[in-house]
Amino acid sequence: MTSKEFERVVFTELAGEPGPVPAGLFTLDLDLGVGRFQYGRRYLQRANAIPLDPVNLPLTGAEYLTRKNHGIFGVIGDVLPDSWGRYILAKERNVPFGALRDYEFIDLASTQTVGALSFGATPDQPTSKAREAVSLAELGEVARLFERAMAEEPLPPEILYLLRQGTSLGGAQPKCPVNIDGEAWIAKFASSKTVVKYPAIEFATMTLAAKSGIRVPEIRLEVVGGRAVFLIKRFDRVAGARIPFLSAMAVSDLDVDELEQASYPELAGRMRKFVENVQMEQHELFRRMAFNMHVRNEDDHPRNHGFIYRNGWSLSPAFDILPMPARAGSATFHLALQVGDFGSEASLQNLLSRHERFSLTRKEAMTIILEVRDSLTNWEQEMRRAGVSRPDLESIRWSFAGFRR
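In this note's numbering, the protein residues as written are 162 to 566.
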């Protein structure tokens with residue numbers, strides 16, 4: 162390895178193995194921004210080996226190259242922190258936000274990161290840091306610390322260390338891993354930088370998603386120290402084991418500058434290459450697209466869709482579904498992902514325009530849409546049951562008023 166290259170062994174966890182196993186070698190040319198990955202010979206010989214990315218990194222002896230995302234393969238990019246994590250890590254190092262380069266976060270990834278990957282300098286063992294989850298009893302203190310961090314107060318190292326526990330979980334909002342009765346959960350807190358307080362809204366919206374027939378993880382809403390905290394059970398952890406995860410952004414092989422190309426129909430097509438029970442999963446994806454449109458979830462970007470591996474790949478349970486506030490009278494809006502013949506426009510015509518890509522007849526697609534609509538009839542009561550405040554309720558009322566037909 163030269164001084165112009167960054168090189169790390171990529172580890173993953175496999176069924177029946179007591180710990181992480183080396184899967185292959187990732188090398189990044191820091192000058193050219195070209196990433197290379199090659200599976201190890203011993204990994205390829207394993208009977209239980211699975212591809213880190215079945216679409217873009219299939220199990221072969223070939224060397225794979227990418228120039229996208231500064232040379233970071235999508236499945237590796239999935240474990241890197243988003244804005245909240247980067248903010249805390251920069252604060253911990255007393256450097257400006259954005260000063261750390263993407264590849265530097267690989268060495269800062271912890272075992273709390275999504276999915277099953279970890280990294281090391283040698284094939285002996287990963288050096289990814291083990292991070293402890295907090296308990297329910299500690300959530301009140303963690304929430305107060307988050308507020309101090311968002312207020313940009315100087316924080317001592319021991320506080321930054323605690324906040325660091327959630328930096329590998331992704332997302333723009335403050336969160337941290339929580340241990341509840343020996344099981345892994347994620348706690349999501351309200352941000353002091355937003356007028357609308359989202360934990361109760363997200364809980365109610367996810368409850369509505371479940372009622373519409375969408376697979377969602379187990380969820381809870383706790384009030385800790387007068388603050389609502391949304392809790393979601395991790396679907397990438399089972400009995401302490403880390404479950405492989407792959408985002409739709411990774412599957413679609415998208416660069417951060419290509420996000421406008423992300424598409425539900427294209428994703429449904431790619432699912433044919435690697436997903437078990439693909440028609441059932443395509444129907445599920447269509448239902449999620451319809452639900453996002455009906456609740457004005459404009460943040461349905463490709464990192465907010467994913468796949469998990471449990472004896473085969475399937476859509477992960479849905480996550481990060483939130484209605485965006487809308488002014489009364491708002492008409493046309495757009496999702497983050499392309500929907501159909503009319504781009505990302507939220508309209509019934511657009512929703513139905515590519516139904517065949519989801520292995521649905523037009524009649525079957527319309528049945529799903531009507532089921533979603535029916536499930537939202539009592540959306541306001543669900544929000545009130547979750548304790549959503551009147552101002553917050555009014556801010557999203559038009560989001561549920563129905564998109565342009």
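Glycine residues also receive a C-beta, built at the ideal position from the N, C-alpha and C atoms.
- F167 is a Cβ neighbour of L189, given a cutoff of 9 Å.
- V384 has its alpha-carbon roughly 11 Å from the corresponding atom of A351.
- At least 9 Å separates the beta-carbon of G501 from that of H495.
- Pairing G548 with P484, the inter-Cα distance amounts to about 16 Å.
- A distance of 9 Å or more separates the beta carbons of P463 and L509.
- Taking a cut-off of 8 Å on C-beta distances, the region 424-433 does not touch the region 167-178, as fewer than three cross pairs fall below it.
- Distance from the CA atom of L250 to the CA atom of K434, rounded to whole angstroms, is 37 Å.
- Between G281 and P183, the C-beta spacing is below 9 Å.
- Straight-line measurement puts the Cα of L407 at about 25 Å from the Cα of R381.
- Secondary structure within the region 392-476: the beta strand (DSSP E) runs of 3 or more consecutive residues, fully enclosed, are 406-408, 467-470 and 474-476 (chain order).
- Here L191 has K165, E166 and F167 as same chain residues with Cβ atoms under 7 Å from its own Cβ, once five neighbours each way along the sequence are excluded.
- Cα atoms of E253 and E265: separation of roughly 14 Å, rounded to the nearest angstrom.
- Counting every other CB atom within 10 Å of its CB across the protein chains shown gives V436 a total of 16 or more, marking it as buried.
- The beta-carbon distance between L446 and F519, rounded to whole angstroms, is 6 Å. This is short enough to meet the 8 Å contact definition.
- Going by DSSP, V339 is part of the beta strand (DSSP E) stretching over K336 to I341.
- Of V303, L392 and F561, the smallest CA-CA separation from A345 is found for L392.
- Leaving aside the five residues that flank I469 on each side, the residues in its chain whose CB is nearer than 7 Å to its CB run, in chain order, F396, D397, I404, P405, F406, S475 and S477.
- Inclusion of Q499 and Q422 in the CB contact set at 9 Å is warranted, their separation being smaller than that value.
- Residue environment: N438 is assigned as exposed (fewer than 16 neighbouring CB atoms within 10 Å of its CB, all protein chains considered).
- Here D481 has N465 as same chain residues with Cβ atoms under 6 Å from its own Cβ, once five neighbours each way along the sequence are excluded.
- Shown here for A208: not one same chain residue has a beta carbon closer than 7 Å to its own, the five before and five after excluded.
- Here the alpha carbons of K372 and V339 stand approximately 26 Å from one another.
- The Cβ atoms of L554 and R545 lie closer than 9 Å to each other.
- DSSP places D239 outside both helix and strand once states are collapsed to three, so it counts as coil.
- Only buried fits V533, as 16 or more other CB atoms lie within 10 angstroms of its CB.
- Between A361 and S550, the C-beta spacing is below 9 Å.
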